[in-house]
Structures are given as C-alpha cells and as structure tokens.
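To start, the structure itself, in structure tokens.
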Amino acid sequence: MNNLIPVKNISKEGVVSIKNGIKPNINSKVEVERKPDWIRLKLKENRRFSSVKNQVEGRRLNTVCEEAMCPNINECWNNGTATFMLLGSVCTRACKFCSVDTGNPRGRLDELEPDNVAKSIEEMRVKYAVLTSVNRDDLDDGGGGTFLKYHKSHKKKNSRCRCGGFMS
-6 MNNLIPVKNI SKEGVVSIKN GIKPNINSKV EVERKPDWIR LKLKENRRFS
44 SVKNQVEGRR LNTVCEEAMC PNINECWNNG TATFMLLGSV CTRACKFCSV
94 DTGNPRGRLD ELEPDNVAKS IEEMRVKYAV LTSVNRDDLD DGGGGTFLKY
144 HKSHKKKNSR CRCGGFMS
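Numbering (the working numbering), first residue to last: -6 to 161.
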C-alpha cells in the first residue's frame, strides 16, 4: 500500500503534480480482513496484452487503465482494447475517488497525441475504442480543440468516431 501515498512531482517543464492523486483515507487504520487466495484473479499476459502495452508505451499514450490503476487492465488488454485518456496524464481537479495525477499542466499538450491515438486504434483493429480525458481547466477551451483534432485524425484512419461528451 506504500505506493498509494501521494508524492509531489516536478517535471523538467515545471509541471507540478501529485502522483497517484490518492488522498489520505481517514479509515486507513481500520483493520481489513484479507480475502482468500482462491478469490483472486490469476493474471495472465498474452500476445494481445503485450501488443497493447507496446502501443501505449511506444507512442507515449495515456490510458485510464494505467493512470487510474484499474484492476481489470489484464482483462481488457488481453482482449485488445484500452480506454485512452486524451489531454495528458495530469488532471487539474483533485477528486477524492480518483488516482489520476493531480496538478497544473500549465497549458502543455502533446500535439502528436490525436494522431498517435488514431494510429494505435487502427493498428489494434478493435471494434470500438473508449476515449476519455482528464479535466483541463488550465486550457481556454477545456480541451475541446484536441478532441476536434482527434476526431479529424480518426476519421481519416477509421470509419466511426463518436465523442458523446460534447453532444448537447
């Protein structure tokens, strides 16, 4: 559990964030009974998992799977899908339930991210891909411009794209 202790990070670009974004838990002193071994899922990495991992690492993409420490990462990645997180890995909000890094990215964006996500989805040959993003209160448009770039890039490479969060 020590890896869940928030750690302050300062990058070369001066971006300050709190690693893991997890806030202190007032109930942490309560003793929790350990679950039996048979109840735990045995993790298996297959070729598809490795392929998704290589896509994500090779293109420096962010996924909710990794950033939020999702316990189902093996199930999804073994089936060749991932939840891509646009607009970087640092959120400008500090939701208590979330383990995504919290801080101020100071307006920095990866200009290649929309193309890299679209290329990864194309190469992964999935029926659908899930897209979400961190909140970017530091950007004038809240990140809408990046979603538009992604949508245009995705349309060139893949046939279907839907950004439901921006529909009204």
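Note that CB positions come from ideal geometry on N, CA and C, so glycine has one too.
Predicted model, so just to flag it, every value in this text is computed and none were measured.
- prompt: How many angstroms separate the CA atom of Glu101 from the CA atom of Ser4?
  reply: Here the sequence assigns Arg to residue 101, which means Glu is not the residue at that position. Going from the Cα of Arg101 to the Cα of Ser4 covers about 12 Å.
task: Give the straight-line distance between the Cα atoms of Arg86 and Glu38, rounded to the nearest whole angstrom.
output: 33 Å
query: How many Å lie between Gly81 and Thr95 at the Cα?
result: 11 Å
- prompt: Do you know whose CA, among Val25, Met117 and Thr76, lies nearest Met62's CA?
  reply: Thr76
task: Pull up the distance between the alpha-carbon of Thr74 and that of Lys22, whole angstroms please.
output: 37 Å
task: Assign Cys58 to buried or exposed, taking buried as 16 or more other Cβ atoms, counted over all protein chains shown, within 10 Å of its Cβ.
output: buried
message: By the DSSP assignment, the alpha helix (DSSP H) with Phe77 in it spans what residues?
response: Not the alpha helix (DSSP H): Phe77 falls in the beta strand (DSSP E), residues Thr76 to Leu79.
query: In this structure, what does DSSP give as the bridge partners for Ser82?
result: Paired residue(s): none; Ser82 is not in a bridge.
message: Nearest by alpha-carbon distance to Ser146: which of Leu132, Glu115 and Val127 is it?
response: Glu115
- prompt: Where do the ends of the beta strand (DSSP E) carrying Ser113 lie?
  reply: Element bounds for Ser113: not the beta strand (DSSP E) but the alpha helix (DSSP H), Glu106 to Met117.
Within 8 Å, strictly: CB atoms of Cys107 and Asp131: The displayed chain sequence assigns Pro, not Cys, to residue 107. Contact: no.
query: Is DSSP giving Val25 helix, strand or coil here?
result: coil
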